[in-house]
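Protein chains in written order, with the numbering used here: chain A, 1 to 430; chain B, 1001 to 1430.
Cβ coordinates follow ideal geometry from the N, Cα and C atoms, glycine included.
If you're wondering where the values come from, they're calculated on a predicted model, not measured in any experiment.
Protein chains: 2
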Amino acid sequence: MTILIKGITLVPMDGKNEVIEETNIYLDEEIIHIGELKEDIEVERVIDGKNKVAMPGLINAHTHIGMSLLRNFADDLPLHSWLTEKIWPTEAKLIAKDVYWGSLLSMVEMIQSGTTAFCDMYFFMDEVGKGLEEAGIRGVLTRGLIEENDEVVNKEKLRDTRDLFKNWHGKGNGRIKVMVAPHAPYTCSPDFLLETMKLANELNTGIHIHLSETKKEVEDSFKAFGKSPIKHVYDLGLLDIHTIAAHCVHVDEEDIEIMKEKNVYPVNNPGSNLKLASGFAPVDKMLKKGISVALGTDGSSSNNNLNMFEEINLAAIVNKAVNLDAVSVPAIDALGMATINGAKALDWDDEIGSIEIGKKGDLILIDMDKPHLYPRHNIISSLAYSVQAADVDTVIVDGKIIMEKREIKTLDVEKIKYMTEKHAKDLISR
Amino acid sequence: MTILIKGITLVPMDGKNEVIEETNIYLDEEIIHIGELKEDIEVERVIDGKNKVAMPGLINAHTHIGMSLLRNFADDLPLHSWLTEKIWPTEAKLIAKDVYWGSLLSMVEMIQSGTTAFCDMYFFMDEVGKGLEEAGIRGVLTRGLIEENDEVVNKEKLRDTRDLFKNWHGKGNGRIKVMVAPHAPYTCSPDFLLETMKLANELNTGIHIHLSETKKEVEDSFKAFGKSPIKHVYDLGLLDIHTIAAHCVHVDEEDIEIMKEKNVYPVNNPGSNLKLASGFAPVDKMLKKGISVALGTDGSSSNNNLNMFEEINLAAIVNKAVNLDAVSVPAIDALGMATINGAKALDWDDEIGSIEIGKKGDLILIDMDKPHLYPRHNIISSLAYSVQAADVDTVIVDGKIIMEKREIKTLDVEKIKYMTEKHAKDLISR
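This is how it looks when you write it as structure tokens:
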């Protein structure tokens, strides 16, 4: 189906920091044409772009979407009690169907807030694959691998990932990718990390891992290995593989040099890092070094939502205060983190992350006709500092309309709300 | 008109940290009854409370609402250039009608995001008074007093405040108050501050002032007076008057002792303090000291919105990271800052800030039937960490329905958007 978006303001995020007023976008599975109207292109749908802004779909580069079942379940607790007394014991009781419904709830929330692609790390990832096929958005599935004291179980977990790759990589018209996800250097021994690397190389895919999220984790790494988590995985050769490195909060100069040298893709999760009291990642320093920092929400139980516009705003404003510099992480950079940098992290920038001819038809339309978006002095500022999730009007992925006038076309929202409430209550009473 | 809100979940914010499920609220200008249904109370309107939460209307305790005309006009600039090259030269060209329309736009935005009362500091405050009468919400008007090198002008500014008080204090069925607003100790000499204090005492009203917003301001105060801005105004006797102290970012132990001793009402503005790189106010420390910290958005040109739910979330999560303590400023405290503490700051807690029998009928209903508010493990967490401005469904002030199903009943939203765009464009091209 060819769609014409007519008379739209376009923020392409193609590196030129442009805002193109009153243009037209033709797309099907790919972006066909941007500019003047073309009489010779046959169109099946015309969307009026008046009072709207088109921008690339947002990319949530690090999340655990099944965790939405535990949203607002355990808050205002010290990190250790939160994990060991609340989250982990509850997660141990998860069944596949919990993850299916929790993931669908998250996909509804992501679509409603303008996210068209995400990188997920969780369990029962087949369920997330099924959800992705239904939802029609784009995602990287990674099965979180925490090493256990049982060689058989560990082998099984690796086999899970191999099966996941076989069953899902490239599926959904190419909307689904699979990567390998050793959870973190503090939950995986060097030997186990080497096995995950071997698997990633065998599958010719990337790695998704947590690195240097907390101060304690870094201190423990120095105690155990005499080096930082990033230096540790660097020395193991892990960073020779395409690596999505979630968090990277407590990183030093050497870590930053390594990330630059190895083209590591750090994912900043400001909402989660604030709420869990993890600290402030040196985003400004990494960006200025030329490192492509992406943006993520982390799971809904440490945020407590999957609203990328909130993360864009946080990335822009928090770094200013941390660096005592009101110019730090300007609006355009924060938007870049949530779009093109996210695409690079997901090894997908050949197809998504900006609106350019030949790229996939993944874009969102923002309804600018809201009181809090008046007056209109600067669209880039508006997107980073004023736009709210609820201002996302239309979501298109792979040239298909996933949401229009805030109505989701692909999923049964009422059923999903009902089923998640049911599964959540059942889970915590198990 | 007597309204019954039937079968509602109530978060009264009356100090007991309760969530009351399935209750009923009867109100007219005041809250009449909370609890079981009362057949003997004649009601004119019944609002179905299913899937909704009632909480007190939010109180924005420090803002400059006319500044919405400059929203997204000047961002990502160092504070000094922002003020001296952009904001102040533009504000110098403001006319009364600009402030009228800008203030109405802000009132629309506040209503749509659940704010029912605010404390404003700006110029042409008669225009804000007119807007308040129309909008039907509640506000404290304060005319910002920056001392000039001209005795006649200074006297005129004080007379402005006296006239403002005479014309507006108690108007709008008591929904409007007026206080005296010396802008800051760095823009008002001790003598001028004494004159504003004299005026506040004469009018028997409070003071609204900026205190210790930036590091430079505090350093300059030590250079000029050998003490902090807070100690400086304390020594002048200003804090013997009810004082709303905006910002209080760079405060030391002695400042905190003074605030406690004198019952000063600091207003935390996390969004603005982050965006302008002012720093992090010691909110946790002040709260633990028993100081009633309120919450505000500051103006739209340093935020860039008037969304109090965003500030609640920021207050809760930012302080956790600053204090490396995930328990710092829990959800209930952040909600208290935006409700009962705001009422105390505005010297209005006898009438607003909590839902209790005998208090004014000022409350908001949140639509909880949104995907990002499922599942429902904890309503308090949900309000602080997940609820968005757009989830505010109904706003009632003084027993009158100001917004229902997101439709504003008191203001012509289309005209206000049109007129603010026009005035904003005209202003910057003057």
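TODO: Count the other CB atoms, across all protein chains shown, that sit within 10 Å of the CB of Glu311/A; report buried if there are 16 or more and exposed otherwise.
DONE: If you draw a 10 Å sphere on the C-beta of Glu311/A, you find 16 or more other C-beta atoms in it, and that means buried.
Task: Presumed contact (8 Å Cβ cut-off) between Ile1244/B and Ala1345/B, rounded CB distance - done: Ile1244/B to Ala1345/B, Cβ: 5 Å. Contact.
Task: Rounded C-alpha distance that separates Met67/A from Tyr1374/B - done: Cα to Cα, Met67/A sits roughly 12 Å from Tyr1374/B.
TODO: Look up Pro56/A in the DSSP assignment and give the residues it is bridged to.
DONE: For Pro56/A, the pairing in a beta bridge is given by DSSP as Leu363/A.
- [ ] Could you confirm whether any beta carbon from chain A is found closer than 8 Å to the beta carbon of Gly1271/B?
- [x] Interface with chain A (8 Å Cβ-Cβ cutoff): Gly1271/B is included.
- [ ] Tell me, please, whether the CB atom of Arg406/A is closer than 8 Å to any CB atom in chain B?
- [x] Arg406/A does not count as touching chain B.
TODO: Could you have a look at Arg376/A and say whether DSSP puts it in helix, strand or coil?
DONE: Here Arg376/A carries a coil assignment [DSSP, helix/strand/coil].
- [ ] Quick one: give me the first and last residue of the alpha helix (DSSP H) that Asn303/A is part of.
- [x] Note, Asn303/A: premise wrong, no alpha helix (DSSP H); not H, not E.
Task: Integer-rounded CB distance, given that Ala1074/B should sit under 8 Å from Pro390/A - done: According to the sequence provided, residue 390/A is Ala. The question's Pro does not apply to it. Actually they do not touch by this definition, with Cβ atoms about 26 Å apart.
Task: Three-way DSSP call (helix, strand, coil) for Glu1414/B in this model - done: Of the three classes helix, strand and coil, the one that applies to Glu1414/B here is helix, per DSSP.
Open item on the list: On the DSSP letters alone, give me the boundaries of the alpha helix (DSSP H) that Lys1198/B sits inside.
Closed with: Residues Pro1190 to Leu1203.
Open item on the list: For Val99/A, which residues in the same chain have their Cβ closer than 6 Å to its Cβ, ignoring the five residues on either side in sequence?
Closed with: Excluding the 5 residues flanking it on each side, Val99/A has same chain C-beta neighbours closer than 6 Å at Gly66, Phe124 and Glu127, in chain order.
Open item on the list: Could you tell me the alpha carbon to alpha carbon distance between Glu1253/B and Leu1211/B, rounded to whole angstroms?
Closed with: In a straight line, the C-alpha of Glu1253/B is about 15 Å away from that of Leu1211/B.
- [ ] Within 10 angstroms of the Cβ of Glu91/A, are there 16 or more other Cβ atoms? Answer buried if so, exposed if not.
- [x] With at least 16 other beta carbons inside 10 angstroms of its own, Glu91/A counts as buried.
- [ ] Specify whether the region 1158 to 1171 of chain B and the region 1142 to 1149 of chain B touch according to this definition: at least 3 beta carbon pairs, one from each stretch, less than 8 Å apart.
- [x] With the rule of 3 Cβ pairs closer than 8 Å, the region 1158 to 1171 of chain B counts as touching the region 1142 to 1149 of chain B.
Open item on the list: Using a Cβ distance threshold of 8 Å, determine whether the region 30 to 37 of chain A contacts the region 273 to 288 of chain A, with at least three qualifying pairs required.
Closed with: By the Cβ criterion, the region 30 to 37 of chain A is not in contact with the region 273 to 288 of chain A, since fewer than three pairs of Cβ atoms, one from each stretch, lie closer than 8 Å.
Task: Neighbourhood of Lys215/A by C-beta, 6 Å cutoff - its chain only, sequence neighbours within 5 removed - done: The residues His250, in chain order, have a CB closer than 6 Å to that of Lys215/A in the same chain once the five nearest residues on each side in sequence are set aside.
Task: Distance between Gly226/A and Tyr186/A (C-alpha atoms, nearest Å) - done: Taking the straight line from one Cα to the other gives about 13 Å.
Task: Enclosing beta strand (DSSP E) for Thr1339/B [first to last residue] - done: Segment: none, Thr1339/B is in no beta strand (DSSP E) and carries neither H nor E.
Task: Proximal chain A residues relative to Asn1378/B, where beta-carbon distance stays under 8 Å - done: Per Cβ cutoff of 8 Å: Asn72, Phe73 and Asp75.
Open item on the list: Any beta carbon from chain A within less than 8 Å of Glu1195/B's own beta carbon?
Closed with: Taking Cβ atoms only, chain A never reaches closer than 8 Å to Glu1195/B, which makes this a no.
Task: Buried or exposed (CB count within 10 angstroms, at least 16 for buried), Ser1301/B - done: In summary, Ser1301/B is buried, with 16 or more beta-carbon neighbours lying within 10 Å of its beta-carbon over all protein chains present.
Task: Chain-ordered chain B contacts of Leu79/A [CB-CB under 7 Å] - done: Simply Ala1326.
Open item on the list: For Asp349/A and Tyr122/A, I'd like the C-alpha separation in whole angstroms.
Closed with: Asp349/A and Tyr122/A: Cα-Cα distance of roughly 24 Å.
TODO: Confirm, please, whether the CB-CB distance from Thr1339/B to Met1001/B is below 8 Å.
DONE: In this structure, Thr1339/B does not lie closer than 8 Å to Met1001/B by Cβ.
Open item on the list: Starting from Tyr1122/B, trace the beta strand (DSSP E) in both directions and tell me its first and last residue.
Closed with: From DSSP, the beta strand (DSSP E) with Tyr1122/B extends over Thr1115 to Tyr1122.
TODO: Give a yes or no on whether 8 Å exceeds the smallest Cβ distance from Trp348/A to chain B.
DONE: Interface with chain B (8 Å Cβ-Cβ cutoff): Trp348/A is excluded.
Open item on the list: Strictly under 8 Å for the Cβ-Cβ distance: is His1372/B near chain A by that measure?
Closed with: His1372/B counts as touching chain A.
Open item on the list: Can you confirm whether Ile317/A, when its beta carbon is compared against all beta carbons of chain B, has any partner nearer than 8 Å?
Closed with: Closer than 8 Å: yes.
TODO: Can you have a look at His80/A and say buried or exposed, based on whether 16 or more other CB atoms are within 10 angstroms of its CB?
DONE: Exposed, by the Cβ-count rule.
Task: Candidates Asp235/A, Ala316/A and Glu21/A, of which the one nearest Gly1271/B by Cα - done: Closest option to Gly1271/B, Cα to Cα, is Ala316/A.
Task: Every unbroken beta strand (DSSP E) inside the region 1205 to 1262 of chain B [3 residues or more] - done: As summarised for the region 1205 to 1262 of chain B, the continuous beta strand (DSSP E) elements at least 3 residues long and confined to that stretch are 1207 to 1211 and 1243 to 1247, given in chain order.
Open item on the list: Rounded to whole angstroms, what is the Cα-Cα separation between Ser1103/B and Ser1113/B?
Closed with: Going by the C-alpha atoms only, they are around 15 Å apart.
Open item on the list: Within 8 Å, do at least three Cβ pairs link the region 1391 to 1402 of chain B to the region 1318 to 1325 of chain B?
Closed with: Under the Cβ criterion (8 Å, minimum of three pairs), the region 1318 to 1325 of chain B does not count as touching the region 1391 to 1402 of chain B.
Open item on the list: Beta carbons nearer than 8 Å to chain B: which residues of the region 82 to 109 of chain A have them?
Closed with: Contacts with chain B (Cβ-Cβ distance below 8 Å) from the region 82 to 109 of chain A involve Trp82, Leu105, Val108 and Glu109, listed in chain order.
TODO: Go through its chain and collect everything with a Cβ distance to Ala1343/B's Cβ below 7 Å, but skip five positions before and after it.
DONE: Taking Ala1343/B as the centre and dropping the five residues before and after it, the same chain places the C-beta of Ile1059, Asp1349, Ile1352 and Gly1353 closer than 7 Å to its C-beta, in chain order.
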